[in-house]
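Encoded as structure tokens, the structure appears first; notes follow it.
Residue numbers (the working numbering): 20 to 144.
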């Protein structure tokens, strides 16, 4: 792992892992599946795949695992675990900090400040 490491599996924007350890890679893929930002995979042949990881298949009974990405242009790409040289959490996690507790805190702060507070979501920025 390099940069901000993924582990004990809390995805952080900018974190990256090497694909050399299959156990670490499998755990990082699971974390990337729940990450609400783009993930960048560099393959062993030098290709770069950047997109939203929307599906993954863990290795089972000797069969290789794979991931599927939705790219910015709307196309989809499959990458096998054995093709991964590195995986990085490169996009902004659009859900970061948007927990129920944070929403309740912001709501209470707005009410105490005499501002209009509602159930509307924020702009995502």
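The beta carbon of each residue, even a glycine, is placed where N, CA and C say it ideally should be.
Residue i (DSSP reduced to helix, strand or coil)
i, result
"residue 123", "helix"
"residue 26", "Here residue 26 scores only 43 on pLDDT, less than 50, and its place in the model should not be relied on; the value that follows carries that caveat. It is coil, neither helix nor strand."
"residue 128", "helix"
"residue 49", "helix"
"residue 44", "helix"
"residue 59", "strand"
"residue 71", "strand"
"residue 101", "helix"
"residue 79", "strand"
"residue 37", "strand"
"residue 20", "Residue confidence for residue 20 is low, a pLDDT of 41 falling below 50, so the modelled location carries little weight; the figure read from the coordinates is stated next. In this structure, residue 20 counts as coil in the three-state DSSP scheme."
"residue 85", "strand"
"residue 66", "coil"
"residue 95", "strand"
"residue 106", "strand"
"residue 143", "Low per-residue confidence applies at residue 143: pLDDT is 48, beneath 50, and the placement is therefore not dependable, though the value from the model is reported in the following sentence. Coil."
Within 7 Å, strictly: CB atoms of residue i and residue j
i, j, result
"residue 106", "residue 47", "yes"
"residue 57", "residue 70", "yes"
"residue 89", "residue 73", "yes"
"residue 98", "residue 68", "yes"
Cβ distance (whole Å) where residue i is taken to contact residue j below 8 Å
i, j, result
"residue 95", "residue 32", "Actually they are not in contact, since the Cβ atoms of residue 95 and residue 32 sit about 23 Å apart, beyond 8 Å."
"residue 62", "residue 102", "5 Å"
CA nearest to the CA of residue i, picked from the options
i, options, result
"residue 75", "93, 59, 49, 134", "49"
"residue 91", "128, 78, 59", "59"
"residue 40", "132, 128, 104, 134", "104"
"residue 64", "78, 100, 134", "100"
Three-pair Cβ contact test at 8 Å for the segment 79-88 versus the segment 120-131: The segment 79-88 makes no contact with the segment 120-131: fewer than 3 CB pairs, one atom from each, lie closer than 8 Å.
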